[in-house]
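Everything on this sheet refers to the single structure shown next.
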Amino acid sequence: MTKTIYVATTNPGKINEFNEMLSPLNLNVKSLKDEVPQMDDVEETGETFRDNAILKAETYAERYQLPILADDSGLEVDALNGEPGVYSARYAGEAKNDEANIDKVLHQLENVSESNRDAAFVCVIAFAEPNSTTLTSEGKCAGSITDKRYGEHGFGYDPIFKPDGYDQTLAELGPEIKNTISHRRHALNNMLTQLETVLGR
Numbered sequence: 016m017t018k019t020i021y022v023a024t025t026n027p028g029k030i031n032e033f034n035e036m037l038s039p040l041n042l043n044v045k046s047l048k049d050e051v052p053q054m055d056d057v058e059e060t061g062e063t064f065r066d067n068a069i070l071k072a073e074t075y076a077e078r079y080q081l082p083i084l085a086d087d088s089g090l091e092v093d094a095l096n097g098e099p100g101v102y103s104a105r106y107a108g109e110a111k112n113d114e115a116n117i118d119k120v121l122h123q124l125e126n127v128s129e130s131n132r133d134a135a136f137v138c139v140i141a142f143a144e145p146n147s148t149t150l151t152s153e154g155k156c157a158g159s160i161t162d163k164r165y166g167e168h169g170f171g172y173d174p175i176f177k178p179d180g181y182d183q184t185l186a187e188l189g190p191e192i193k194n195t196i197s198h199r200r201h202a203l204n205n206m207l208t209q210l211e212t213v214l215g216r
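Note that the numbering used here has the sequence shown beginning at 16, numbered continuously upward.
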């Protein structure tokens, strides 16, 4: 019987990535919103990605008595002292506007040289089930911020993030390459062995 786990996100891009990356485990991956249309938001009050991932996973697992996979991820820019960090989704305001967030980062880096635009995407994943120990894993994708948007794929900051070793942004490289090098991929790789043990595969 295929086990269903629920991802605590309403972002279809993330759901697609989790589905593809967890395919080796033959899991049915669904958005928690599909199962619980009235799901309440969990206020992300943690100071780190790990804090927020655990908070979301454990709160939803207990509230709805379901196996929950949650992540907190974002962009850390060296020249901005690690910003946007845990505020990546709402960097330009509470509306979660990707374009406005990108505009803010580019504006703040206007006078920063190409050699000083190092950045990294960071992702922490937490898996929680009722009355079980919560699993966590972390992944990073290092790169740099471009001077403007490039590419049409992906979401979030993908159009301005060029991963190390590539001459194109994640939005230009597309999902096939992105899903092999992304911060979420590295975090999931670190989680797979733990999930295999927990799920008895």
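Even glycine gets a Cβ: it sits at the ideal position worked out from N, Cα and C.
Please determine, among the options, the residue with the shortest C-alpha to C-alpha distance to residue i.
i      : options                           : result
Gly180 : Ala157, Lys48 and Asp162          : Ala157
Leu84  : Thr212, Phe176 and Ala76          : Ala76
Gln53  : Thr24, Asn41, Glu35 and Glu73     : Thr24
Phe136 : Ile160, Phe142, Thr151 and Ser147 : Ile160
Pro174 : Asp56, Ser147 and Val120          : Val120
Asp36  : Phe170, Thr151 and Asn204         : Reading off the sequence shown, one finds Met at residue 36, where the question assumed Asp. Checked all of Phe170, Thr151 and Asn204; the closest Cα to Met36 is Asn204.
Arg164 : Gly154, Glu153, Ser152 and Lys177 : Lys177
Gly171 : Lys111, Ile196 and Phe142         : Lys111
His168 : Thr148, Ser46 and Ile192          : Ile192
Quick check on the burial criterion: 16 or more other C-beta atoms within 10 angstroms. Buried or exposed for residue i?
i      : result
Thr63  : exposed
His122 : exposed
Glu125 : exposed
Gly108 : exposed
Ser152 : buried
Ser184 : The question names Ser, but residue 184 is Thr in the sequence shown. Buried, by the Cβ-count rule.
Tyr21  : buried
Lys38  : A small correction: the amino acid at residue 38 is Ser; Lys does not occupy that position in the sequence shown. Exposed: under 16 other Cβ atoms inside 10 Å.
Tyr102 : exposed
Glu211 : exposed
Pro82  : buried
For the alpha helix (DSSP H) holding residue i, just list the boundary residues, first then last.
i      : result
Asp113 : Asp113 to Gln123
Lys29  : Pro27 to Met36
Gly89  : Unbroken run through Gly89 is the beta strand (DSSP E), Ile83 to Val92; no alpha helix (DSSP H).
Thr286 : Since the displayed the chain opens at 16 and closes at 216, residue 286 lies outside it and no answer follows.
Ala104 : Segment: none, Ala104 is in no alpha helix (DSSP H) and carries neither H nor E.
Rounded to whole angstroms, how far is the Cβ of residue i from the Cβ of residue j, which I believe are closer than 8 Å?
i     : j     : result
Glu59 : Asp87 : 7 Å
Val44 : Ala94 : Not quite, the Cβ-Cβ distance comes to about 36 Å (not below 8 Å), so this is no contact.
Lys18 : Leu47 : About 15 Å; that fails the 8 Å criterion.
Start and end of the beta strand (DSSP E) containing residue i?
i      : result
Thr148 : Where Thr148 is concerned, there is no enclosing beta strand (DSSP E), given that its DSSP letter is neither H nor E.
Val139 : Asp133 to Ala143
Provide the residue(s) that pair with residue i in DSSP beta bridges, ordered along the chain.
i      : result
Thr19  : Asn43
Ser130 : DSSP lists no partner for Ser130.
Gly154 : Cys138
Ser159 : Asp133 and Lys177
Pro99  : Glu91
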